[in-house]
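A.B. asks:
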Amino acid sequence: MTTNELEIKYRKILDLKPYANSPRIHNRAKRQKLDKLLRRFGQIAPIITDGEGGIVDGHLVVELLKEIGHEKVATVEVCTNDPAEIRAIRLALNRVAQDAKWDNARLMTEFQELLDIGFDMSFTGFDQVEIDMTLSMEEPTSAITEDAPPAVDPDAVAVTRPGDLWVLGGNRVLCGDARDPAAMAHLFDGQTAQMVMCDPPYNVPIVGNVSGLGANHHREFAMASGEMTSIQFTDFLADFLTTACTVLADGAILFICMDWKHLPELFTATGRAGLTPMNLCVWAKTNAGMGTFYRSQHEMVLAAKHGTAPHINNFELGKKGRSRSNLWTYRGMNVPGQERDDLLKLHPTVKPVALVADAIKDVSHRGSIVLDSFLGSGTTLIAAETTGRRCYGIEYDPLYVDLIVRRWMDHTGGTAMLSGTGETFEHREEIAHRNAEATDQSPAGNTNGGI
């Protein structure tokens, strides 16, 4: 057995000699990860050299440290001067590490404890997809439960008041107008969103187009429910998109749901908001919905980009084990079954949680903020919780804000708190019912789109 007395020596980088026949190839992704690590922490481990300053292991570290501006590095010498043994050591140090496997249970613990303290996971060297998969968030979308809380009663007493901001754990929900920059600034309080997932109203009447002759009926939306001209609807879309952009990170991706009839208005509005179209995704439903000249079996989801910075791409055409296309196949809400009936009671244009969860995982990192300007029944909120993100959402109708809060509390068991006062939703609810009994309060207004 050979025993070595290792001594760290600091050498000038210019005195070190890279091995001309180094068989390792370092791609751009690895270089970027290591560069970020070295810039944050500096040199972490010594470079292994031979007796003449030839690099045995650590070529990329030396190269990057030189680019960063370091003049010296810590080194240790190998225990032999035999050229063949040095060559073997060089190969072994690179090869042996490849034989190791991860203990996923322990790796999950490491990830979760870092996430719990808000640590920047990019310093771990793992991609976001790898982290999501390890934390069991990359399971088949069919495994995601489509929860179904109680439906909105149009005659119910509204607990939420316009302007209320509810704090739901790490999430925030504001009762207000998504076109109002002041409301958006109040919701975000200086923070920024990494993406948008929203389902604005399509400017079509709900009755006869979305709510049919079945058991589930819904009120018309408060705005853009068929009463707007094409110009007015374009203005409506451009206004909310422009306001959303005030709280988005540079390079953020927006997913905007729309029917095929109103794509021209949506494309015009995105242009006015300074957004760049990235792709047009199609939600292919397993069953057809309502219609006359062909029954509609799809909805459109425009993917657009804000700003010029590189956008997040967690799938990269399947390179990281997550294969995605612009055809999104999920069950439609017209498939018979109790789950479907319960969900349609919530909202006339409800989307599957799995669809939204997949979109969130595509273009955001865990712990980041997802904006939904038309929160509706709260599907984006539930999807954000499911994928380890945070949802900041706006909903116009107080009754739907109440539904969102109750849905989140049922899903998480958490307590909703009113921002600024700390009042709980349950306490406010008791007061609202007492006041209603005393004053015979009239019903609240209508929702305004939403997922």
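Heads up: the sequence shown begins at 1 in the UniProt record's numbering, then just goes up one per residue.
Glycine residues also receive a C-beta, built at the ideal position from the N, C-alpha and C atoms.
No experiment lies behind these values; they were computed from the predicted model shown.
Skipping 5 residues on each side, what residues in its chain have a beta carbon closer than 7 Å to that of C391?
C.D. replies: Sequence index remark: in the sequence shown, residue 391 carries index 391 (1-based). Answer for C391: N171, V370, D372, T380, L381 and A384, listed in chain order.
A.B. asks: List the whole-angstrom C-beta distance separating T234 from T268, where the pair is believed to meet the contact cut-off of C-beta under 8 Å.
C.D. replies: In the sequence shown, the residue the question calls residue 234 occupies position 234. In the sequence shown, the residue the question calls residue 268 occupies position 268. Yes, T234 and T268 are in contact; Cβ-Cβ is about 5 Å, under 8 Å.
A.B. asks: Closest by CA to D153, which one among P398, A416 and G414?
C.D. replies: In the sequence shown, the residue the question calls residue 153 occupies position 153. The shortest Cα separation from D153 among P398, A416 and G414 belongs to P398.
A.B. asks: Would you give the residue range spanned by the beta strand (DSSP E) that Q194 belongs to?
C.D. replies: Here residue 194 refers to the residue found at position 194 of the sequence shown. Q194 -> beta strand (DSSP E) spans A193 to C198.
A.B. asks: Roughly how many angstroms lie between the CA atoms of V301 and G422, to the nearest whole one?
C.D. replies: Along the sequence shown, one-based indexing puts residue 301 at 301. Along the sequence shown, one-based indexing puts residue 422 at 422. So the two alpha carbons sit approximately 37 Å from each other.
A.B. asks: Mapping DSSP to helix, strand and coil, what is F255?
C.D. replies: Indexing the sequence shown from 1 puts residue 255 at position 255. Strand at F255.
A.B. asks: Which value, in whole angstroms, describes the spacing of the CA atoms of residue 453 and R40?
C.D. replies: This structure gives no information on residue 453, because the portion of the chain shown stretches from 1 to 451.
A.B. asks: Taking A252 as the reference, which of R331, L241, D259 and V405 has the closest Cα?
C.D. replies: Here the question's residue 252 lines up with position 252 in the sequence shown. If we check each option's Cα against that of A252, L241 comes out closest.
A.B. asks: Just reading off the alpha helix (DSSP H) that W328 is part of, what are its end residues?
C.D. replies: As a first step, residue 328 is located in the sequence shown; it is residue number 328 there, counting from the start. Not the alpha helix (DSSP H): W328 falls in the beta strand (DSSP E), residues L327 to Y330.
A.B. asks: For P83, which three-state DSSP category applies?
C.D. replies: Counting from 1 along the sequence shown, the entry for residue 83 is found at position 83. Reduced to three states, the DSSP call for P83 is helix.
A.B. asks: Can you check which of these residues, T160, K361 and I312, is closest to D250 by C-alpha distance?
C.D. replies: Here residue 250 refers to the residue found at position 250 when the sequence shown is read from its first residue. Considering only alpha carbons, the answer is I312.
A.B. asks: DSSP three-state label for P179, please.
C.D. replies: The sequence position of residue 179 within the sequence shown is 179, counting from 1. Checking the sequence, you will find Arg at residue 179 rather than Pro. Coil, per DSSP.
A.B. asks: Just to confirm, is the Cβ distance from residue 487 to M278 under 8 Å?
C.D. replies: Outside the displayed span of the chain (1 to 451) sits residue 487, for which this structure offers no information.
A.B. asks: When the Cα atoms are used, what is the spatial distance from I8 to I68?
C.D. replies: If you number the sequence shown from 1, residue 8 lands on position 8. If you number the sequence shown from 1, residue 68 lands on position 68. Answer to the nearest angstrom: the Cα atoms are 22 Å apart.
A.B. asks: Leaving out the 5 sequence neighbours to the left and right, which residues in its chain are closer than 6 Å to P18 when beta-carbon positions are compared?
C.D. replies: What you label residue 18 is simply residue 18 of the sequence shown in a count that begins at 1. Excluding positions up to five away in sequence, the list reads I55 and H59.
A.B. asks: Between which two residues does the beta strand (DSSP E) carrying K9 extend?
C.D. replies: Within the sequence shown, residue 9 is the residue found at index 9, counting from 1. Looking at the DSSP string, the run of the beta strand (DSSP E) that includes K9 is K9 to K12.
A.B. asks: Look at the Cβ atom of Q191, then the Cβ atom of R366, and state whether they are nearer than 8 Å.
C.D. replies: For the purposes of this step, residue 191 is taken as the residue at position 191 of the sequence shown. For the purposes of this step, residue 366 is taken as the residue at position 366 of the sequence shown. No, they are not a contact pair.
A.B. asks: Have a look at E63, V76, R106 and V157 and flag the residue whose alpha-carbon is nearest the alpha-carbon of R11.
C.D. replies: For the purposes of this step, residue 11 is identified with residue 11 of the sequence shown, where counting begins at 1. Residue V76 is the option with its Cα nearest to R11.
A.B. asks: Which of the three DSSP states is assigned to T276 in this structure?
C.D. replies: Residue mapping note: residue 276 aligns to position 276 of the sequence shown, counting from 1. Three-state result, T276: strand.
A.B. asks: Starting from E130, follow the beta strand (DSSP E) in both directions and report where the run begins and ends.
C.D. replies: To locate residue 130, count along the sequence shown from 1; it is residue 130. Per DSSP, E130 belongs to no beta strand (DSSP E); it is in the alpha helix (DSSP H), Q128 to T134.
A.B. asks: Is DSSP giving I369 helix, strand or coil here?
C.D. replies: For this step, residue 369 is matched to residue 369 along the sequence shown. Here I369 sits in strand by DSSP.
A.B. asks: So what does E299 bridge to, in DSSP terms?
C.D. replies: The sequence position of residue 299 within the sequence shown is 299, counting from 1. Bridge partners of E299: W283.
A.B. asks: Taking the C-alpha atoms as reference points, what is the distance between R407 and T386?
C.D. replies: Here residue 407 refers to the residue found at position 407 when the sequence shown is read from its first residue. Here residue 386 refers to the residue found at position 386 when the sequence shown is read from its first residue. Going by the C-alpha atoms only, they are around 13 Å apart.
A.B. asks: Would you mind sorting H26 into buried or exposed? The rule is 16 or more other CB atoms within 10 Å of its CB.
C.D. replies: The residue labelled residue 26 in the question sits at position 26 within the sequence shown. Exposed is the call here.
A.B. asks: Measure the alpha-carbon distance for F255 versus V196 and round it to whole angstroms.
C.D. replies: To locate residue 255, count along the sequence shown from 1; it is residue 255. To locate residue 196, count along the sequence shown from 1; it is residue 196. Their backbone Cα atoms lie some 6 Å apart in a straight line.
A.B. asks: Quick one, which of A438, G450 and A432 has its alpha-carbon nearest A156's?
C.D. replies: The sequence position of residue 156 within the sequence shown is 156, counting from 1. Ranking the options by Cα distance to A156, first place goes to A432.
A.B. asks: Taking R390 as part of the beta strand (DSSP E), name the residues at either end of that continuous run.
C.D. replies: For the purposes of this step, residue 390 is identified with residue 390 of the sequence shown, where counting begins at 1. Unbroken beta strand (DSSP E) run through R390: R390 to E395.
A.B. asks: Could you tell me which of E299, M133 and A105 sits nearest to P200, measuring between CA atoms?
C.D. replies: Along the sequence shown, read from residue 1 onward, the residue named residue 200 stands at position 200. Nearest option by C-alpha distance: E299.
A.B. asks: Between A357 and K33, what straight-line distance do the alpha-carbon atoms span, to the nearest angstrom?
C.D. replies: Taking the sequence shown and counting its residues from 1, one reaches residue 357 at position 357. Taking the sequence shown and counting its residues from 1, one reaches residue 33 at position 33. Their backbone Cα atoms lie some 27 Å apart in a straight line.
A.B. asks: Go ahead and pull the three-state DSSP assignment for W102.
C.D. replies: Taking the sequence shown and counting its residues from 1, the one referred to as residue 102 is at position 102. Three-state result, W102: coil.
A.B. asks: Going by DSSP, name the residue or residues bridged to residue 461.
C.D. replies: Residue numbering for the chain in the displayed model covers 1 to 451; residue 461 lies beyond these limits and cannot be assessed.
A.B. asks: How about G414 and L168: do their beta carbons lie closer than 8 Å?
C.D. replies: As a working note, residue 414 is residue 414 in the sequence shown. As a working note, residue 168 is residue 168 in the sequence shown. Yes, Cβ-Cβ distance for G414 and L168 is below 8 Å.
A.B. asks: To the nearest angstrom, how far is the alpha carbon of G176 from that of K101?
C.D. replies: For this step, residue 176 is matched to residue 176 along the sequence shown. For this step, residue 101 is matched to residue 101 along the sequence shown. Taking the straight line joining both Cα atoms gives about 50 Å.
A.B. asks: Give the straight-line distance between the Cα atoms of Y202 and S22, rounded to the nearest whole angstrom.
C.D. replies: Translated into the one-based positions of the sequence shown, residue 202 becomes position 202. Translated into the one-based positions of the sequence shown, residue 22 becomes position 22. Distance between the alpha carbons of Y202 and S22 is about 60 Å.
A.B. asks: Is the separation between the beta-carbon of A309 and that of Q297 shorter than 8 Å?
C.D. replies: Taking the first residue of the sequence shown as 1, we reach residue 309 at position 309. Taking the first residue of the sequence shown as 1, we reach residue 297 at position 297. Against a cut-off of 8 Å, the Cβ pair of Q297 and A309 comes out as no contact.
A.B. asks: Can you give me the Cβ contacts of G53 inside the same chain, cut-off strictly under 7 Å, excluding the 5 residues immediately before and after it?
C.D. replies: Translated into the one-based positions of the sequence shown, residue 53 becomes position 53. R11, D15, L16 and K17, listed in sequence order.
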